[in-house]
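A.B. asks:
Chains as they are written, first to last, in our numbering: chain Y, 637 to 1370; chain P, 61 to 484.
1. Nearest-angstrom Cα distance between residue 1190(Y) and residue 1276(Y)?
2. Would you please verify whether the beta carbon of residue 1141(Y) is less than 7 Å from any beta carbon of chain P?
3. Could you spell out the range, first to last residue, of the beta strand (DSSP E) harbouring residue 180(P)?
4. Given a threshold of 16 other Cβ atoms within 10 Å of its Cβ, counted over all protein chains shown, does residue 334(P) qualify as buried or as exposed?
5. Please name the residue in 925(Y), 1353(Y), 1338(Y) whose C-alpha comes closest to that of residue 1306(Y).
6. For residue 769(Y), return the contacting residues in chain P, with the cut-off set at a CB-CB distance below 9 Å.
7. With a threshold of 8 Å on Cβ separation, who are the neighbours of residue 1241(Y) within its own chain once the five nearest residues in sequence on each side are excluded?
8. What residues from chain Y crowd round residue 478(P), counting only those whose CB sits closer than 9 Å?
9. Using only CA atoms, which one of 400(P), 296(P), 121(P), 134(P) lies nearest to residue 205(P)?
10. Quick one: which chain P residues come within Cβ less than 8 Å of residue 1218(Y)?
11. Mind checking the segment 134 to 155 of chain P against chain Y and listing, in chain order, the residues whose C-beta falls within less than 7 Å of any C-beta there?
12. Can you give the beta carbon distance from residue 294(P) to residue 304(P), rounded, assuming they're within the 8 Å contact cut?
13. Just how far apart, CA to CA, sit residue 58(P) and residue 184(P)?
14. Rounded to whole angstroms, what's the CA-CA distance from residue 1354(Y) to residue 437(P)? Just pull it up for me.
15. Exposed or buried, what is residue 329(P) when buried is set at 16 or more other beta-carbons lying within 10 Å of its beta-carbon?
16. At the level of alpha carbons, what is the spacing between residue 194(P) and residue 1025(Y)?
17. Over what stretch of residues does the beta strand (DSSP E) that includes residue 783(Y) continue unbroken?
18. Report yes if the C-beta distance between residue 1245(Y) and residue 1046(Y) is below 7 Å; otherwise report no.
19. For residue 1046(Y) and chain P, any beta-carbon pair shorter than 7 Å?
20. Counting contacts by CB-CB distance shorter than 7 Å, is residue 321(P) in contact with chain Y?
21. So, is the C-beta of residue 113(P) closer than 7 Å to a C-beta in chain Y?
22. Name the residues in the segment 1201 to 1227 of chain Y whose C-beta lies less than 7 Å from a C-beta of chain P; which are they?
23. Return the bridge partner residues of residue 80(P) from the DSSP annotation.
24. Using 8 Å for Cβ pairs, my map puts residue 158(P) next to residue 1250(Y). What's the rounded Cβ distance?
25. So is residue 798(Y) buried or exposed if we call it buried at 16+ other beta carbons inside 10 Å?
26. Out of 836(Y), 835(Y), 824(Y), 843(Y), which has the shortest C-alpha to C-alpha gap to residue 856(Y)?
27. Can you give me the Cβ contacts of residue 80(P) inside the same chain, cut-off strictly under 8 Å, excluding the 5 residues immediately before and after it?
28. Give the DSSP-derived three-state secondary structure of residue 1275(Y) in the structure shown.
29. Would you mind telling me which residues of chain Y sit closer than 9 Å to residue 166(P), beta carbon to beta carbon, in chain order?
30. Just verifying my parser: in three-state terms, what is the DSSP assignment at residue 1284(Y)?
31. Would you mind sorting residue 1329(Y) into buried or exposed? The rule is 16 or more other CB atoms within 10 Å of its CB.
32. What does residue 835(Y) touch in chain P if you count any residue whose Cβ is under 7 Å from its own?
33. Enumerate, from N- to C-terminal direction, the unbroken beta strand (DSSP E) stretches of 3 or more residues contained entirely within the segment 1320 to 1351 of chain Y.
34. Name the two residues that bound the continuous beta strand (DSSP E) containing residue 453(P).
35. Distance check for residue 748(Y) and residue 729(Y), CA to CA, integer angstroms please.
36. Residue 189(P) touches chain Y at which residues, Cβ-Cβ below 9 Å?
Structure representation (structure tokens):
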């Protein structure tokens, strides 16, 4: 994949063919920061600012949250050489390295400056950074060790807090890990690490990195650009490129140990590493492809086949430099080279500590359960991961993949949901939302009033299982609470109709998902329209059983053709998983299972499903049994029986009457004091039997059972009919 | 088919007609399951030689399950708390049921696109079936007679009432009924000694005792159906399904107390035994783990042979709609006095009459019925029929009032029948 091809692609690049397929996209449009006379471009990972500078001015762009139209702020500073720039974490101060022995501090509010110099001439400043460690605010890394300073805002000076003496060749630091690794030794492969975390300073044990020798007696020297600190799922790893062995070694840091984890092969002389949403991206720059690894799992196998990095929706235009980032996938590369935005992995690319988001394209990966597992671990852009998961679940069922495989996939989703319930992440979005919109929300919520109130009471978890999808898709963002009409308008389609489907590839990332599945029904994917409003609310991609029903089973059932027993098997597998995790299932799923079994005329099996309580008893289930029982009397009996066992007396008695079993109904009504069924129903039934004795018995029963029955119109009407019957009987008998 | 029963002077020879009828029906159904309809056989050989040569050994093998000691013991009044022609179900929890269902879907899809049927038994109880009710009864009966772990260990510890606690070895040791009689000997002689391959006239004795054994792979095999000439493996038995009139390969698999019976359409297997072997292998590959899991779940919940005993009660519960019955374990029934059993047997005879009358008069409408009679020994014999379900009961300790007996039934109904018999 060359830069040229990519530059000529259209916005629909993701689906135009396998040649244009990619896992990782650079967000387009990029952040453009063209500064005349720009002398240098810096990135401060502590404050996530992109900082171009001229000789006397510093511009800074916020990269998080990403907005391509973001404007910069600028600070005028004293003129002079700029080797490095870092903003303090509260962005009140700017530290500018002026030389190998001097750092100048610029106080932005007052436009004052003060300087810090090394004590002896033999000392060289290798770098510096701000920290939120309670002991100190600012750390200077020198060839003779670390100096830790506290900033005195009153005296406007740095006070030395602590010194750590050791020889340092070079160092690496990331703000995300708060870890500084100091390289020393002849080969620069002996490391001392300090973590300057909010809990204090942790000194890690000294360790050596592995390096293969090209030949005897030659000792390669490790360079700073070959070592990366990455944070994945909250764990800190160090990745080291061994250029001789063509391996990428990984080390995991524990409080008291550094453990080598294994090695990944590399296929390029030059590589770069970034982490996007906990996924390790290894850019094989010579080969111009990215390989994705999920190092949560122990497997060293890549998540997917290597595919090139692409710029999403890249049109032919140029700018001085691009900072890629944003909403749908991106990597954080900076392209310093003017006029070559279209070139991927240009020679001048600098890979900066990444912290942004990846749009993992799952479709090209073949192992569905592990893909789902992977997607369920996504924290950023949870709604997208969730939608991808739902889409994958639908697809595997529609494609009738082996039950065992679908079962594993479902297991993943269910256990992830269960986990999210335990950790509470499933409700986080909902809760923050409810607090943000507060009381206004309760008052405006129409159909889901109970849900909203319960959320404010803090009992949302209990309600969740019964409240249905309303509560899980809080459709109202805080901005809506002000206007009732607006709120209703925005949420109505969502709540009332889950089949409000968006056909085709309205969403770019959706298209990417299905791009590789170019077969069968997925070409025209059913996609549930969930407005962007909620996206920001959702913090977990976990899928509740209700959502599984609505967006997977019910949706799939509509599209499925042929033998429904496959879907029954899948439902059974789903029940297996939910039962294992002790999660309640939406009764509608049971209803669906009954419909499917009845459609196949598998009544005997349906019976065992019901008697063994695989389909848990509920009114919905009972009514569906009665409905399906129109074709099969046994099934109808099951429904009746269930109504009785659920003590739904009114329904039970009404149905008995409907079946003409009014004697039984009367007995039952007397036993359970069911007074809600109108006597007229019984009388009508008895009357239609054309048996005067029956009618008389029913009349007699109600006269005893209901105190004032004799005064009702029912009584007089049917008493009249009874008399008529008797006389006609008498007449005929003559 | 006609069954002639000689009424002896023996007091045990008090029969319930319906029970005898069920015996006849059972042997007929089993025969049809293995050989197809009798009419078709007669059409093939109008002289009746063919059908006779099949029927005789079949019925003799069938009857060999009945003797107690040296006598042929047909179901008598002592068996009035049993119902032939029904299946006995295992009661299991929801979790186990889901696991079972999951296994069933694997079994049924074992042979690719052609739909297989399956039946699962645990000990001698039915766990699951995808067959039609009639086919279920037939196959279940056969499985309990010949395939279940108890049957394989030739009834050493038999407790199911389908097997009468007799063993074939007993029986072979000599009696007028054994197949060492002159006619049968002749038939068997010719077939047993005929060389393999030349089995045109060979009569397969589907109910022959002691011919099933468990292979290394867990599948049960028998040489009753001969040996495949090419591969020298035992030929897989075939059965006819009543509902679809389809010939199916019968592949039983056993793991501990769990018996799975897989039925594969003969038409779907093109290359005979090889094809069957392939499906078997597929089953092992796909279902082994699930089988293990199901067995474990069911064993955990297994209450033993007397699991369905309710102390103080001797009962028989029949669900006529589903052809299911459950009864006090035979060992408990034997504690009842002869008078009690006689009374219930008589009562059942009456109820049978009433049922057939109701059926004749008013097809489709279910009759509810409640009869309690006091036996000579002051025991209560009770029958209740409602909504297609029947409950028969003997209460020997309830020698007080009718109210007491009625209460006892009510309690039983509420606790063990979901209140099915306590509607008012």
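Virtual Cβ for every residue (Gly too), placed ideally from N, Cα, C. Since we're looking at a predicted model, the values are computed, not measured.
C.D. replies: In short, the structure shows the following:
1. So the two alpha carbons sit approximately 26 Å from each other.
2. A caution first: residue 1141(Y) carries a pLDDT of 30, below 50, which makes its placement in the model too unreliable to give a value.
3. Counted as a single uninterrupted DSSP element, the beta strand (DSSP E) harbouring residue 180(P) occupies residues 177 to 182.
4. Flag for residue 334(P) reads exposed.
5. Closest by alpha carbon: 1338(Y).
6. Ordered by position in chain P, no residue passes the 9 Å Cβ test against residue 769(Y), which lies about 51 Å from the chain.
7. Excluding positions up to five away in sequence, the list reads 1233.
8. The contacting residues are 1277, 1280, 1281.
9. Nearest in C-alpha terms to residue 205(P), of all of 400(P), 296(P), 121(P), 134(P), is 121(P).
10. For residue 1218(Y), none of the residues of chain P pass the 8 Å Cβ criterion, the least Cβ distance being about 10 Å.
11. If the cut-off is 7 Å between Cβ atoms, the segment 134 to 155 of chain P has 152, 154, 155 near chain Y.
12. With a Cβ gap of about 26 Å, residue 294(P) and residue 304(P) do not count as contacting.
13. Residue coverage of chain P in this structure runs from 61 to 484, which leaves residue 58(P) outside it and unanswerable.
14. Each residue's Cα considered, the two are about 51 Å apart.
15. Residue environment for residue 329(P): buried (at least 16 other C-beta atoms within 10 angstroms of its C-beta).
16. About 44 Å.
17. First-last of the beta strand (DSSP E) with residue 783(Y): 781 to 788.
18. No.
19. When Cβ-Cβ separations below 7 Å define contact, residue 1046(Y) makes no contact with chain P.
20. Closer than 7 Å: no.
21. False, the Cβ-Cβ gap to chain Y never drops below 7 Å.
22. Across the segment 1201 to 1227 of chain Y, CB contacts with chain P closer than 7 Å involve 1205, 1208, 1209, 1211, 1212, 1215, in sequence order along the chain.
23. Within the DSSP secondary-structure output, residue 80(P) pairs in no beta bridge.
24. Indeed they touch by this definition, with Cβ atoms about 5 Å apart.
25. With a threshold of 16 other beta carbon atoms within 10 Å, residue 798(Y) falls short and is exposed.
26. The candidate whose alpha carbon is nearest that of residue 856(Y) is 824(Y).
27. So the list reads 63, 65, 134, 135, once near-sequence residues are dropped.
28. DSSP places residue 1275(Y) in helix when its eight states are reduced to three.
29. Under the 9 Å cutoff, chain Y gives 1039, 1040, 1205.
30. Residue 1284(Y) falls in the coil class under three-state DSSP.
31. By the neighbour-count rule (16 or more Cβ atoms within 10 Å), residue 1329(Y) is not buried but exposed.
32. Correct list: empty, because the minimum Cβ distance to chain P is about 44 Å.
33. Listed in chain order, nothing qualifies, since the segment 1320 to 1351 of chain Y has no complete beta strand (DSSP E) run of 3 or more residues.
34. It spans 449 to 455 - the beta strand (DSSP E) in which residue 453(P) sits, taken as one unbroken run.
35. Cα to Cα, the separation comes out at about 10 Å.
36. The contacting residues are 1240, 1241, 1244.
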